[in-house]
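A.B. asks: Just dropping this structure here.
Written out as structure tokens, the structure is:
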């Protein structure tokens, strides 16, 4: 399954760190790309540095108009899942979503236009309490890939060896 | 099981939004309290407003010294799980942690002192790629409570009725 993420409503400066976390979660949990409106160059740079050290080919694409990106995705046969506290519970709908071949996950900042609810094939809640789009994206991808994304191999220069007390990092360089 | 969260390394202003997300995730996913060093008053205010509207009695406690808070917790027989990309994989250790009666989950900002690794009973990774302490906390609590936290009832003034396309909120007031 191809999975991409669309982040809408990013506010310059104010949302910089939260949007960076959204992008890092998308990468670490198995999406292949994030579309961002108004991305600061620093976000692209951070992700590019992470790919360089930790592996993978996760992409950040800056876009001018998110409506066009959604419509184009749907025109190509892709489905769209919008994460919102008002939606159908993830555990009630994820079984259906797993059958899709191409999925775009939409995560908004504070206010999401009504149009997003209508354009989406699924409006999905991760619990019905206010929390965080970062947490929502992580739980959604975890459910979608049934936990397998935590074992993904990224083939980077650096690789962590899990440890009870220490930081053990294997580097690709000869010692 | 009693679960509390300790957020360390919060940097004023810079981490305000991320720490707020950490606190909201702790609340929504079933922890009873968060301890914060250097908390801005705005974080307390945000959580207090969320409790007021959405229910529950989640607490924010500002602390002066996180070492003392960890030691006191352990002195009372509580266990400590530190979330770090370097730790033991969550799926390999959560079965053991589920037997604990009192658990403190430690989430750091960028740099976490070595001492935290040593003071913790468990250093736990949510995958071994860099991502987000917000996502890590959400996945950890989701594993700990086996998804049940998404169905928690908070008994607030407002309650969401899950919906495929609309925002449906039930309020406690008579119409």
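Residue numbers (the numbering used here), protein chains in the order written: chain A, 92 to 266; chain B, 92 to 266.
We put the beta carbon where it would ideally sit given N, CA and C, even for glycine.
(1) Taking a Cβ distance cut-off of 8 Å, strictly less, list which residues of the region 196–209 of chain B are near chain A, in chain order.
(2) Nearer than 7 Å: is that true of the beta carbon of residue 248 of chain A relative to any heavy atom of the ligand MN?
(3) With a CB to CB cut of under 8 Å and the five nearest residues on each side skipped, what residues in its chain are close to residue 202 of chain A?
(4) Of the residues B/194, B/143, B/176, which one's Cα is nearest the Cα of residue 163 of chain B?
(5) With a 10 Å radius around its C-beta and 16 neighbouring C-beta atoms as the bar for buried, classify residue 262 of chain A as buried or exposed.
(6) By alpha-carbon positions, which one of A/137, A/255, A/218, A/146 ends up nearest to residue 241 of chain B?
(7) What number of angstroms, rounded off, separates the C-alpha of residue 129 of chain B from the C-alpha of residue 103 of chain B?
(8) What residue from A/187, A/258, A/238 has the CA that sits closest to residue 215 of chain A's CA?
(9) Among B/228, B/237, B/255, which one has its Cα closest to the Cα of residue 116 of chain A?
(10) Quick one: list the residues of chain A neighbouring residue 115 of chain B, beta-carbon separation under 9 Å, in chain order.
(11) Taking 8 Å as the threshold (C-beta atoms), are residue 161 of chain A and residue 97 of chain A in contact?
(12) Going by beta carbon distance, what residues of the same chain come within less than 6 Å of residue 251 of chain A, once the five residues before and after it are set aside?
(13) Using 8 Å as the threshold, is the C-beta distance between residue 234 of chain A and residue 185 of chain A below it?
(14) Drop a sphere of 10 angstroms on the beta-carbon of residue 133 of chain B, count the other beta-carbons inside from all chains shown, and report buried for 16 or more, exposed for fewer.
(15) Among B/256, B/207, B/179, B/257, which has the Cα closest to the Cα of residue 231 of chain B?
(16) Are there 16 or more other CB atoms within 10 angstroms of the CB of residue 155 of chain A, so buried, or fewer, so exposed?
(17) Quick check: the Cα distance between residue 249 of chain A and residue 142 of chain A, rounded to an integer number of angstroms?
(18) Return no unless some Cβ of chain A is closer than 8 Å to the Cβ of residue 265 of chain B.
(19) With a CB to CB cut of under 7 Å and the five nearest residues on each side skipped, what residues in its chain are close to residue 210 of chain B?
(20) Can you grab the Cα-Cα spacing for the pair residue 221 of chain B / residue 206 of chain B, in whole Å?
(21) Less than 8 Å between the beta carbons of residue 121 of chain A and residue 247 of chain A, yes or no?
(22) Bridge partners for residue 213 of chain B per DSSP, in chain order?
(23) Would you list the one or two residues that DSSP bridges to residue 246 of chain B?
(24) Using a threshold of 8 Å, state whether the C-beta atoms of residue 123 of chain A and residue 95 of chain A are closer than that.
(25) Where does the unbroken alpha helix (DSSP H) through residue 187 of chain A begin, and where does it stop?
(26) So residue 112 of chain B contacts chain A; which residues on that side make the cut at Cβ distance below 9 Å?
(27) Confirm, please, whether the CB-CB distance from residue 183 of chain B to residue 92 of chain B is below 8 Å.
(28) Closer than 7 Å, Cβ to any Cβ of chain B: which residues of the region 95–109 of chain A, in chain order?
(29) For residue 173 of chain B, which of B/212, B/137, B/239 has the nearest alpha-carbon?
(30) Given that a residue counts as buried once 16 or more other Cβ atoms are within 10 Å of its Cβ, and exposed if not, what is residue 139 of chain B?
(31) Starting from residue 93 of chain A, follow its DSSP beta bridges and name the residues at the other end.
(32) Residues of chain B with CB closer than 9 Å to the CB of residue 160 of chain A, please, in chain order.
C.D. replies: Walking through what the data contain:
(1) 208, 209
(2) The ligand content of the structure shown is nil, which means the ligand MN is not present either.
(3) Position 111 of the first chain, counted from the first residue, corresponds to residue 202 of chain A. Closer than 8 Å at the Cβ level, and outside the excluded window around residue 202 of chain A, lie 100.
(4) One-based indexing of the second chain puts residue 163 of chain B at position 72. Ranking B/194, B/143, B/176 by Cα distance to residue 163 of chain B puts B/194 first.
(5) Your numbering for residue 262 of chain A matches position 171 in the first chain. Per the 10 Å Cβ criterion, exposed.
(6) Position 150 of the second chain, counted from the start, is the residue given in the question as residue 241 of chain B. Among A/137, A/255, A/218, A/146, the Cα nearest to that of residue 241 of chain B is on A/218.
(7) Translated into the one-based positions of the second chain, residue 129 of chain B becomes position 38. Translated into the one-based positions of the second chain, residue 103 of chain B becomes position 12. Going by the C-alpha atoms only, they are around 7 Å apart.
(8) By one-based count along the first chain, residue 215 of chain A stands at place 124. When each option's Cα is compared against that of residue 215 of chain A, the closest is A/187.
(9) Within the first chain, the letter at position 25 stands for residue 116 of chain A. Checked all of B/228, B/237, B/255; the closest Cα to residue 116 of chain A is B/228.
(10) As a position in the second chain, residue 115 of chain B is number 24, starting the count at 1. Annotation: Cβ neighbours of residue 115 of chain B in chain A (cutoff 9 Å, chain order): 220, 221, 222, 223, 226.
(11) As a working mapping, residue 97 of chain A is identified with position 6 in the first chain. As a working mapping, residue 161 of chain A is identified with position 70 in the first chain. Contact flag set, yes.
(12) Taking the first chain and counting its residues from 1, the one referred to as residue 251 of chain A is at position 160. So the qualifying residues of the chain are 260.
(13) Counting from 1 along the first chain, the entry for residue 234 of chain A is found at position 143. Counting from 1 along the first chain, the entry for residue 185 of chain A is found at position 94. Going by C-beta atoms, residue 234 of chain A is nearer than 8 Å to residue 185 of chain A.
(14) Indexing the second chain from 1 puts residue 133 of chain B at position 42. That one is exposed.
(15) Counting from one through the second chain, the residue named residue 231 of chain B turns up at place 140. Minimum Cα distance to residue 231 of chain B is reached at B/179.
(16) For the purposes of this step, residue 155 of chain A is identified with residue 64 of the first chain, where counting begins at 1. Answer is exposed; the Cβ neighbour count stays below 16.
(17) Walking along the first chain from the start, residue 249 of chain A turns up at place 158. Walking along the first chain from the start, residue 142 of chain A turns up at place 51. C-alpha separation (whole angstroms): 10 Å.
(18) Locating residue 265 of chain B in the second chain gives position 174, counting from the first residue. The pLDDT assigned to residue 265 of chain B is 45, lower than 50, so where the model puts this residue is not dependable; a value taken from the coordinates is nonetheless given after this. Not one chain A Cβ lies under 8 Å of residue 265 of chain B.
(19) Position 119 of the second chain holds residue 210 of chain B. Excluding residues within five positions, the ones whose Cβ falls inside 7 Å are 161, 171.
(20) Mapped onto the second chain, residue 221 of chain B falls at position 130. Mapped onto the second chain, residue 206 of chain B falls at position 115. Rounded to the nearest whole angstrom, the CA to CA distance from residue 221 of chain B to residue 206 of chain B is 21 Å.
(21) The residue labelled residue 121 of chain A in the question sits at position 30 within the first chain. The residue labelled residue 247 of chain A in the question sits at position 156 within the first chain. No, the Cβ-Cβ distance between residue 121 of chain A and residue 247 of chain A is not below 8 Å.
(22) Counting from one through the second chain, the residue named residue 213 of chain B turns up at place 122. Note: residue 213 of chain B sits in a beta bridge opposite B/172.
(23) The residue given as residue 246 of chain B occupies position 155 in the second chain. According to DSSP, residue 246 of chain B bridges with B/146.
(24) Walking along the first chain from the start, residue 123 of chain A turns up at place 32. Walking along the first chain from the start, residue 95 of chain A turns up at place 4. Cβ distance < 8 Å, so residue 123 of chain A and residue 95 of chain A count as in contact.
(25) As a position in the first chain, residue 187 of chain A is number 96, starting the count at 1. Here the alpha helix (DSSP H) through residue 187 of chain A covers 181–188.
(26) Counting from 1 along the second chain, the entry for residue 112 of chain B is found at position 21. By Cβ distance, chain A contributes 109, 112, 222, 223, 224, 225, 226.
(27) Indexing the second chain from 1 puts residue 92 of chain B at position 1. Indexing the second chain from 1 puts residue 183 of chain B at position 92. In this structure, residue 183 of chain B does not lie closer than 8 Å to residue 92 of chain B by Cβ.
(28) 108, 109
(29) Here residue 173 of chain B refers to the residue found at position 82 when the second chain is read from its first residue. That would be B/212, whose Cα lies nearest to the Cα of residue 173 of chain B.
(30) What you label residue 139 of chain B is simply residue 48 of the second chain in a count that begins at 1. By the 10 Å Cβ count, residue 139 of chain B comes out exposed.
(31) As a first step, residue 93 of chain A is located in the first chain; it is residue number 2 there, counting from the start. Beta-bridge pairing links residue 93 of chain A to A/193.
(32) For the purposes of this step, residue 160 of chain A is identified with residue 69 of the first chain, where counting begins at 1. Here the premise fails: no neighbours, minimum Cβ distance about 21 Å.
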